[in-house]
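In my numbering, the protein residues as written are 16 to 316.
Note that beta-carbon positions come from the ideal geometry of N, C-alpha and C, so glycine has one too.
Just below is one structure, and these are the notes that go with it.
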Amino acid sequence: MATKILDLPEEEYMLPGNRACAGCSLGIGFRHILKALGGNCIFTVPASCLTVLGGMYPTSSVKVPWMNVVFPSSAAAASGLVAGLKATGREDITVVAMAGDGGTADIGIQALSGAAERNTNFIYICYDNEAYMNTGTQRSGSTPIGARTTTTPAFGKQQQAKDVPKILEAHGIPYIATSCPSFPTDLYDKVKKAVGIKGTRYMHMCAPCPSGWQFPAKDTVEIGRMAVECGAVVLYEIEDGVFRLTSRSKKLAEQGELQPVREYVSVQGRFKGIEDETIEAMQSWINKRWTECIKRDAENR
Ligand SMILES: Cc1ncc(C[n+]2csc(CCOP(=O)(O)OP(=O)(O)O)c2C)c(N)n1
Ligand code: SF4
Ligand SMILES: [Mg+2]
16 MATKILDLPE
26 EEYMLPGNRA
36 CAGCSLGIGF
46 RHILKALGGN
56 CIFTVPASCL
66 TVLGGMYPTS
76 SVKVPWMNVV
86 FPSSAAAASG
96 LVAGLKATGR
106 EDITVVAMAG
116 DGGTADIGIQ
126 ALSGAAERNT
136 NFIYICYDNE
146 AYMNTGTQRS
156 GSTPIGARTT
166 TTPAFGKQQQ
176 AKDVPKILEA
186 HGIPYIATSC
196 PSFPTDLYDK
206 VKKAVGIKGT
216 RYMHMCAPCP
226 SGWQFPAKDT
236 VEIGRMAVEC
246 GAVVLYEIED
256 GVFRLTSRSK
266 KLAEQGELQP
276 VREYVSVQGR
286 FKGIEDETIE
296 AMQSWINKRW
306 TECIKRDAEN
316 R
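Dropping the structure here:
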């Protein structure tokens, strides 16, 4: 049974106030991730906006143990923690590596792939704000085509985004899920499910970023909803190879209509001046993935 918003635990693991920008979706997502983990966990976090959100020693905005690690090494450091906890008989503690898209799709992918290939017993969460935001919005492998960043200033990025969950699926790990903080109970339920599974669990969370995507801070939740409505983000899970659409994406599949990506693009400054043919390329990439998702979902119902 899907959790309802009023059924979420009242216990908070994020303290009031943190150093993220106003309207950052990462805070909303992280709060629900922590609620689902329930406190019995240790995080490894590489250089990123999440380190900023966490705060500078000796202060912290979170109530769980947390190791700041070097940029490419979240999954490697988490693998070490898993081994240490096993050796000391504390396998009840959930190890979570949580990194940005740059730290996952690009610089951290080697350590992540190695850990996934060993089926290391941890949860890896990539929050995807679609660029290197902490250092001022540079393009990452996860930046969508057409998005302007400080390293793609003239015409926007020329390539489509890398599909990291698909790469992880090729490792044959037991659980993969996508999410978006605009659908907090879907995110919560997926983290809760991941806690109960052994082996490598990979979760990919879309993280709308008012600063880098250039939209008003008050619109964060709406932008995340629009991403799902147009299929730029698809909510699904893959459990032991079985693919299922979830939450709003499941309803959209039943209704049979996605919103055009043009509307989603038009409300973000990073796409200002985008060429029509780039929007068409984006739309056909979305359509192709959506068709695949619907087909896979139907096969498993
Ligand atoms: C080896 C190394 N290279 C570069 C940096 C500088 N650096 C720190 S955070 C960051 C951006 C991280 O991007 P991402 O993983 O997407 O997280 P976000 O900042 O977007 O939350 C970079 C390039 C670093 N700390 N270490
Ligand atoms: S730059 Fe973006 S992701 Fe980073 S703290 Fe600010 S709003 Fe959040
Ligand atoms: Mg990023």
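- For Q153, the shortest C-beta to heavy atom distance toward ligand 1 is below 8 angstroms.
- In the DSSP assignment, T200 falls within the unbroken alpha helix (DSSP H) covering 199-210.
- The DSSP assignment places complete beta strand (DSSP E) segments of no fewer than 3 residues inside the stretch 68-134 at 81-84, 109-115, in order along the chain.
- When C-alpha distances from E295 are compared across Q283, D312, P275, V282, the shortest belongs to P275.
- In this structure the stretch 27-38 lies against the stretch 221-240, because at least three pairs of beta carbons, one per stretch, are closer than 8 angstroms.
- Counted as a single uninterrupted DSSP element, the stretch harbouring Y279 is not any beta strand (DSSP E) but the alpha helix (DSSP H) occupying residues 276-281.
- If only complete runs of 4 or more residues are kept, the stretch 217-249 shows the alpha helix (DSSP H) at 235-244, in order along the chain.
- Remark: the C-beta of N136 is outside contact range of ligand 2, defined as less than 8 angstroms to any heavy atom.
- By the 16-neighbour rule on beta-carbons within 10 angstroms, F286 is buried.
- The beta carbon of M82 sits closer than 8 angstroms to those of I57, F58, T59, V60, A92, L96, all from its chain and outside the five residues before and after it, given in chain order.
- Ranked by Cα distance from M218, the first of F230, D201, S264, K78 is D201.
- Across the set R304, T261, L273, the C-alpha of T261 shows the shortest separation from the C-alpha of R316.
- In the DSSP assignment, E254 falls within the beta strand (DSSP E) that extends over 251-254.
- In the three-state reduction of the DSSP assignment, I309 falls in the helix class.
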